[in-house]
Amino acid sequence: MDCLKTGYLIFYFIRVSRNKSEKKRRDQFNVLIKELGSMLPGNARKMDKSTVLQKSIDFLRKHKEITAQSDASEIRQDWKPTFLSNEEFTQLMLEALDGFFLAIMTDGSIIYVSESVTSLLEHLPSDLVDQSIFNFIPEGEHSEVYKILSTHLLESDSLTPEYLKSKNQLEFCCHMLRGTIDPKEPSTYEYVKFIGNFKSLNSVSTSAHNGFEGTIQRTHKPSYEDRVCFVATVRLATPQFIKEMCTVEEPNEEFTSRHSLEWKFLFLDHRAPPIIGYLPFEVLGTSGYDYYHVDDLENLAKCHEH
Numbered sequence: 001m002d003c004l005k006t007g008y009l010i011f012y013f014i015r016v017s018r019n020k021s022e023k024k025r026r027d028q029f030n031v032l033i034k035e036l037g038s039m040l041p042g043n044a045r046k047m048d049k050s051t052v053l054q055k056s057i058d059f060l061r062k063h064k065e066i067t068a069q070s071d072a073s074e075i076r077q078d079w080k081p082t083f084l085s086n087e088e089f090t091q092l093m094l095e096a097l098d099g100f101f102l103a104i105m106t107d108g109s110i111i112y113v114s115e116s117v118t119s120l121l122e123h124l125p126s127d128l129v130d131q132s133i134f135n136f137i138p139e140g141e142h143s144e145v146y147k148i149l150s151t152h153l154l155e156s157d158s159l160t161p162e163y164l165k166s167k168n169q170l171e172f173c174c175h176m177l178r179g180t181i182d183p184k185e186p187s188t189y190e191y192v193k194f195i196g197n198f199k200s201l202n203s204v205s206t207s208a209h210n211g212f213e214g215t216i217q218r219t220h221k222p223s224y225e226d227r228v229c230f231v232a233t234v235r236l237a238t239p240q241f242i243k244e245m246c247t248v249e250e251p252n253e254e255f256t257s258r259h260s261l262e263w264k265f266l267f268l269d270h271r272a273p274p275i276i277g278y279l280p281f282e283v284l285g286t287s288g289y290d291y292y293h294v295d296d297l298e299n300l301a302k303c304h305e306h
């Protein structure tokens, strides 16, 4: 009888211990599910466990796709200088091609312009962002450009994910307004060529690796959720070689350099090495402030701010 009673007690304690362990695991699982649910984007209501897990799987799958796209767009060629970031190298390539990046919504709103637009059309990127592309195109070309964009959208079968992953390249030419300091000057237009494709803003990476995908402002994303933009390289039809040419008749000790907004060297002409003692490849991608005399830094910084 005592043995039977002892057996029941042992069984009871084992069962109680097992129930406590199971309850502890359930409580821990519920805490993890609750924490996971609070981390999901756009979480405005209470979700059950299966919904939290499904949304987490969807988020991780999407993150994996974006990471794969980022890796695919990474510049890995041996001819890219190691001292230049992908963004700086992209900027140099655009300058060399007389081109710049432009991203516009399907209604014509400009959401991104690369810095190289300044040296080509004399506009600051901030002058174009949040403006309509049609403000910079001659009125006679508005309907044609709008038709090109809208017709391409209609043919894309509502922009399915399969279409956006395909080579949905679009090319067209038009004129774009050149910037001017004096508003009284007559308007001047440059003939340009757009080459680009449509991208879903949901698949735009926020890691700063290069070009548009690296620098689009996060503040744009909520209002553009589930929307599509047209990302293009815009090139001048007539290259402006004159901007790189030097006046050989003048023996003055001067040279031309071009800098990013962070004052990093983007271009240095052939007259510089005998004057400053550096070859172009030695300074490209480095800050101009590294080479100035300490007594001149304050004045240079003031000029840079303006």
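With UniProt numbering applied, the sequence shown covers 1 to 306. No residue lacks a Cβ here, since even glycine has one placed at the ideal position from N, Cα and C. Owing to the predicted nature of the structure, the values given are computational and were not obtained by experimental measurement.
Secondary structure of I111 (DSSP, three-state): strand.
Beta-bridge analysis with DSSP links L53 to no other residue.
Distance between F194 and Q28, taken at the CA atoms: about 55 Å. D182 and V283 have their C-alpha atoms spaced approximately 34 Å apart. The shortest CA-to-CA distance from F172 to any of D130, R227, N197 is the one to N197. One thing to note: F267 has its Cβ no nearer than 8 Å to the Cβ of T286. The Cβ atoms of S132 and S150 do not sit closer than 8 Å to each other.
Judged by their CB atoms, L121 and G179 are nearer to each other than the 8 Å cut-off.
Rounded to whole angstroms, the Cβ separation of C229 and I104 is 6 Å, and the two are in contact under 8 Å.
Contact between A232 and L36 fails: their C-beta atoms lie close to 39 Å from each other, not under 8 Å.
Taking C-alpha positions only, S38 is separated from S56 by approximately 11 Å. Here L297 is exposed. Its C-beta has fewer than 16 other C-beta atoms within 10 Å. When the alpha-carbon of Y289 is set against those of L279, I33, H259, the nearest one is in H259. When the alpha-carbon of V129 is set against those of L40, N19, V113, the nearest one is in V113. Note that the C-beta distance between A237 and Y292 is not below 8 Å.
Boundaries for H304: no beta strand (DSSP E) harbours it, while the alpha helix (DSSP H) harbouring it runs 297 to 305, taken from the DSSP string. Straight-line measurement puts the Cα of R26 at about 10 Å from the Cα of N19. For S200, DSSP records a beta bridge to V228. If the five residues before and after V52 are omitted, its C-beta is found closer than 6 Å to the C-beta atoms of I33, L36, G37, all from its own chain and listed in chain order. In the DSSP assignment, L170 falls within the beta strand (DSSP E) that extends over 169 to 177. Distance from the CA atom of K49 to the CA atom of P41, rounded to whole angstroms, is 16 Å. Going by DSSP, A103 is part of the beta strand (DSSP E) stretching over 99 to 105.
Burial is judged here by how many other beta carbons sit within 10 angstroms of a residue's own beta carbon; V234 has at least 16 and is buried.
Rounded to whole angstroms, the Cβ separation of F134 and H142 is 5 Å, and the two are in contact under 8 Å.
Here V145 is buried. Its C-beta has 16 or more other C-beta atoms within 10 Å. In the displayed model, I275 falls within a helix according to three-state DSSP.
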